[in-house]
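Counting in this note's numbering, the sequence shown runs from 9 upward without gaps.
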Amino acid sequence: MNATRGTLFVEDAEVVSHETHAGDQHVLRLLSPQTAARAQPGNFIHIQCDPAILMRRPMSIMRVERRQGQIDILYKIHGLGTELLAKKRPGDVLNLVGPIGVPFKLSGYRPRPLLIGGGVGIPPMIFLSEHMKSPGARVKPLILMGSEVPFPFRPRPSQFLVPGIPAEVIAAMPLMEDWGFPSRLASMKSLPGCFEGNITLVREYQLPCQVSLEEYMACAVGGCAGCNVRINTANGPAMKRVCVDGPVFDAAAVP
Ligand SMILES: Cc1cc2nc3c(=O)[nH]c(=O)nc-3n(C[C@H](O)[C@H](O)[C@H](O)COP(=O)(O)OP(=O)(O)OC[C@H]3O[C@@H](n4cnc5c(N)ncnc54)[C@H](O)[C@@H]3O)c2cc1C
Ligand code: FES
């Protein structure tokens, strides 16, 4: 795995728009041309939520508009940092470092990759799906998303049948429908058309799989070892930094 420290940028990013959704969820669009130009699915930014808070917060990149130099993040209010972030308005400027981390490996896809994201794990799956709709990709993913708060979009019945999924589980993400990709939604909150249960995969199937990990981060550039996790390598277990050795790892290497 290659660390990406050589390609990081520090940018003063202007808030372009800031949407609020049910369940304390927000979509923040930022003008950050350097990050937008280099971001790959699985990368994240480390953003200063407010000058009053010293430590930055990691957020996955959800969408990139390279021509306009803009990126979107989707976040849920969790504590003080995201609470202050939620107060930012168009025109405000936020300092960020990005794009950070090892992205998803994009070569050697199977023709039907399965993309799974729950809660704040949804944004990287949207970025990955958008990449898969590029003309050269030649894959058609199935996207499964889970949430215990209302989804930050209005679900609509899918136009695609998916073998093995019950017919009444029909709620889909409109953006994926527009891109021609089947998707399904899951929740334990009895949301209409959603599967009632979890979307997590079980190891027993032994499919080739990449996972994106989360850990508390201080520097997010590989310097503090605060985000270390145990990973199995060819030479046995080793401590790896989620920020620059990850956040994407081969699932088989994660104990
Ligand atoms: C790679 C990655 C991508 C992420 N992507 C998203 C996303 O797309 N959307 C989203 O909503 N969330 C995402 N998160 C989670 C998000 O970073 C947290 O929800 C956010 O940091 C919470 O900040 P807060 O100030 O609101 O919460 P608080 O709980 O008040 O603060 C969390 C912060 O406090 C500090 N902290 C707290 N406890 C410890 C500890 N034990 N050790 C060290 N530091 C500590 C750290 O600075 C930490 O970042 C991501 C996290 C990671 C690692
Ligand atoms: S957060 Fe400092 S090494 Fe990862």
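Where a beta carbon is used, it is the ideal one built from N, C-alpha and C, also for glycine.
What does DSSP give as the partner residues of residue i in its beta bridges?
i      : result
SER40  : The partner list for SER40 (beta bridge, DSSP) is empty, contrary to what the question assumes.
GLY125 : MET153
SER68  : PHE52
LEU239 : A small fix is needed here, since residue 239 is Ile in this sequence, not Leu. Paired residues: ALA246.
ARG192 : LEU152
ILE130 : Answer by DSSP bridge pairing: none, since ILE130 is not bridged.
PRO277 : Any property of residue 277 remains undetermined from this structure, which presents the chain solely from 9 to 263.
GLU73  : GLN78
SER115 : Note: SER115 sits in no beta bridge, so no partner.
GLN218 : ASP258
Please find out if some non-hydrogen atom of ligand 1 comes closer than 7 Å to the beta-carbon of residue i.
i      : result
LEU136 : no
Taking 7 Å as the cut-off, is the C-beta of residue i nearer than that to any heavy atom in ligand 2?
i      : result
GLY172 : no
VAL18  : no
GLY109 : no
VAL250 : yes
GLY234 : yes
PHE228 : Residue identity check: residue 228 is Ala in the sequence provided, not Phe. Result yes, Cβ under 7 Å from ligand 2.
GLY205 : no
GLY231 : yes
Go ahead and pull the three-state DSSP assignment for residue i.
i      : result
GLU6   : Since the displayed the chain opens at 9 and closes at 263, residue 6 lies outside it and no answer follows.
LEU82  : strand
MET247 : strand
ASP4   : An answer regarding residue 4 cannot be provided, because it is not within the stretch 9 to 263 covered by the chain.
GLY89  : helix
ILE207 : coil
PRO143 : coil
LEU16  : coil
PRO200 : coil
LEU183 : helix
LEU136 : helix
Item checked: Contact shell at 5 Å, judged by CB to any heavy atom of ligand 1, ordered along the chain -> The set, ordered by position in the chain, is PHE52, MET63, ARG65, PRO66, MET67, SER68, TYR83, LYS84, HIS86, GLY87, LEU88, GLY89, THR90, VAL128, PRO131, GLU222, TYR224, PRO255.
Next item on the list: At 4 residues or longer, and completely inside the stretch 19-63: list those alpha helix (DSSP H) runs for me, N to C.
Entry: The DSSP assignment places 41-46 as complete runs of the alpha helix (DSSP H) inside the stretch 19-63, in order along the chain (cut-off: 4 residues).
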